[in-house]
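Below is one structure, written out as structure tokens; comments come after it.
In our numbering, the protein residues as written are 13 to 440.
Set out below in structure tokens:
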């Protein structure tokens with residue numbers, strides 16, 4: 013393109029503008045990443061960050077999922093902050109409560125605090141530290157360290173970014189921003205999964221929630237971490253906690269499917285992928301209309317349903333360390349068929365919800381009030397009022413509790429036999 017300037021009747025040639033010049037032209041300046049992250053935070057979180065910027069000139073960093081989600085334009089519910097040596101967790105926690113109201117709890121042994129400010133935000137505070145694993149799968153030994161060392165212990169590069177509240181500089185030592193743009197989950201080093209196999213489960217959960225995929229490095233790092241000798245030393249509590257966290261997600265089925273596809277669901281938990289339909293009924297079926305409670309009850313319901321379809325489900329429940337009430341609930345579901353289940357024993361959620369997911373169409377049966385043997389029924393059989401009435405009712409109730417009688421007709425037949433054992437005549 014010829015570029016010129018009109019001078020009277022003529023034109024003065026100023027130069028030539030070529031395609032190359034278009035490529036060389038600098039794009040309009042984008043807003044700095046730190047400002048973008050700050051603006052992407054929910055209003056309450058942004059208020060907290062701005063207050064901390066003014067009160068503490070250095071040493072506080074926004075880390076992990078909060079940075080990742082802000083860069084993805086997703087608003088997370090909480091804030092994770094790391095404090096470098098010199099900034100005290102208790103001091104920051106007290107400042108937030110005095111500034112915004114609320115409450116906090118301190119864990120001196122771990123150098124952490126959780127603050128719940130008055131407008132509903134949860135702020136997790138932790139001293140920056142480094143971790144040393146004494147052997148594969150073991151719980152780490154920790155000691156105070158600068159922020160750079162703290163980022164070294166993260167699971168994936170997209171979670172290993174930190175925003176300095178003082179300068180709004182983004183620390184990204186492992187290329188997390190580039191992996192975020194490519195929607196990749198890349199571990200920080202080849203032995204990351206060997207150090208902590210629960211990171212595999214966390215990755216599957218993130219991949220399902222954010223539509224990410226495991227990098228080639230992650231796929232290569234999987235097989236060594238799934239060897240029996242590695243998993244033997246892995247923290248069972250961490251693996252259990254990660255499974256429970258996965259079951260809290262709306263995309264838990266996708267996460268379990270990914271673990272199965274990666275060949276990790278069996279080695280990590282001894283589980284196989286269950287059929288999908290009962291979970292769909294549990295999640296979107298009539299339970300929603302009946303106010304099936306969210307939170308822990310729903311997680312327990314999904315866990316019971318997951319175990320129901322496994323081989324040796326009670327053994328797996330025991331291996332996962334489930335409380336006795338959930339083991340008993342699972343045993344009740346394993347009776348064999350809905351006809352064999354004592355509906356009075358189903359009780360409240362989550363067991364009731366799991367039953368309806370397994371046996372759709374039985375809502376009426378479940379809510380139908382069961383007729384039980386009463387004293388007047390015995391009198392109609394010809395038994396005279398007296399202590400014998402109470403004794404027979406007690407024996408029938410015990411048989412009902414043991415599951416030996418399940419219907420009114422069966423209770424009546426048992427009462428006839430008990431009366432027949434005595435010196436009473438029974439009218440036919």
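By construction, the Cβ of each residue, glycine as well, lies at the ideal position given by its N, Cα and C atoms.
Whole-number beta carbon distance between residue j and residue i, since they are thought to touch under 8 Å
{"i": "residue 92", "j": "residue 109", "result": "Their Cβ separation, rounded to whole angstroms, is 18 Å, which puts residue 92 and residue 109 out of contact at 8 Å."}
{"i": "residue 180", "j": "residue 47", "result": "6 Å"}
{"i": "residue 145", "j": "residue 207", "result": "5 Å"}
{"i": "residue 117", "j": "residue 130", "result": "So it is not a contact: roughly 16 Å between Cβ atoms."}
{"i": "residue 275", "j": "residue 284", "result": "Their Cβ separation, rounded to whole angstroms, is 12 Å, which puts residue 275 and residue 284 out of contact at 8 Å."}
{"i": "residue 217", "j": "residue 258", "result": "5 Å"}
{"i": "residue 420", "j": "residue 385", "result": "7 Å"}
{"i": "residue 426", "j": "residue 408", "result": "6 Å"}
{"i": "residue 247", "j": "residue 334", "result": "At roughly 17 Å, the Cβ-Cβ gap does not stay under 8 Å, so residue 247 and residue 334 are not in contact."}
As assigned by DSSP and simplified to three states, the class of residue i
{"i": "residue 204", "result": "helix"}
{"i": "residue 90", "result": "strand"}
{"i": "residue 69", "result": "coil"}
{"i": "residue 274", "result": "coil"}
{"i": "residue 417", "result": "coil"}
{"i": "residue 99", "result": "coil"}
{"i": "residue 115", "result": "strand"}
{"i": "residue 196", "result": "strand"}
{"i": "residue 75", "result": "strand"}
{"i": "residue 190", "result": "helix"}
{"i": "residue 51", "result": "helix"}
{"i": "residue 294", "result": "helix"}
{"i": "residue 81", "result": "helix"}
{"i": "residue 35", "result": "Residue placement at residue 35 cannot be trusted, given a pLDDT of 44 that sits under 50; what the coordinates show is reported in the next sentence. Here residue 35 sits in helix by DSSP."}
{"i": "residue 431", "result": "helix"}
{"i": "residue 107", "result": "helix"}
{"i": "residue 333", "result": "coil"}
{"i": "residue 345", "result": "helix"}
Of the residues the options, the one placed nearest residue i, counting alpha carbons only
{"i": "residue 202", "options": "233, 209 and 187", "result": "233"}
{"i": "residue 105", "options": "128, 88, 98 and 84", "result": "128"}
{"i": "residue 183", "options": "123, 49, 147 and 412", "result": "49"}
{"i": "residue 323", "options": "338, 143, 226 and 346", "result": "346"}
{"i": "residue 331", "options": "249, 125 and 98", "result": "249"}
{"i": "residue 267", "options": "211, 235 and 237", "result": "211"}
{"i": "residue 53", "options": "83, 421, 254 and 63", "result": "83"}
{"i": "residue 186", "options": "198, 336 and 178", "result": "198"}
Buried or exposed by the 16-neighbour rule on C-beta atoms within 10 Å, applied to residue i
{"i": "residue 308", "result": "exposed"}
{"i": "residue 140", "result": "buried"}
{"i": "residue 310", "result": "buried"}
{"i": "residue 215", "result": "buried"}
{"i": "residue 432", "result": "exposed"}
{"i": "residue 122", "result": "exposed"}
{"i": "residue 204", "result": "buried"}
{"i": "residue 296", "result": "Note on residue 296: pLDDT 40, under 50, position unreliable in the model; the coordinate value appears next. Exposed, by the Cβ-count rule."}
{"i": "residue 173", "result": "buried"}
{"i": "residue 239", "result": "exposed"}
{"i": "residue 423", "result": "buried"}
{"i": "residue 413", "result": "exposed"}
{"i": "residue 194", "result": "exposed"}
Proximity test, residue i beta-carbon vs the ligand PLP heavy atom, cut-off 7 Å
{"i": "residue 90", "result": "Annotation note on the ligand PLP: not contained in the displayed structure, which lists no ligands."}
- Item | Completely contained alpha helix (DSSP H) runs for the segment 124-185, where each covers 4 or more residues | The alpha helix (DSSP H) runs lying completely inside the segment 124-185 and spanning 4 residues or more are 159-164, given in chain order.
- Message: As an exercise, report each continuous alpha helix (DSSP H) stretch of at least 4 residues that is fully enclosed by the segment 204-274, in chain order.
- Response: Listed in chain order, the complete alpha helix (DSSP H) runs (minimum 4 residues) inside the segment 204-274 are 204-207, 210-222, 228-237, 240-243, 248-259 and 264-273.
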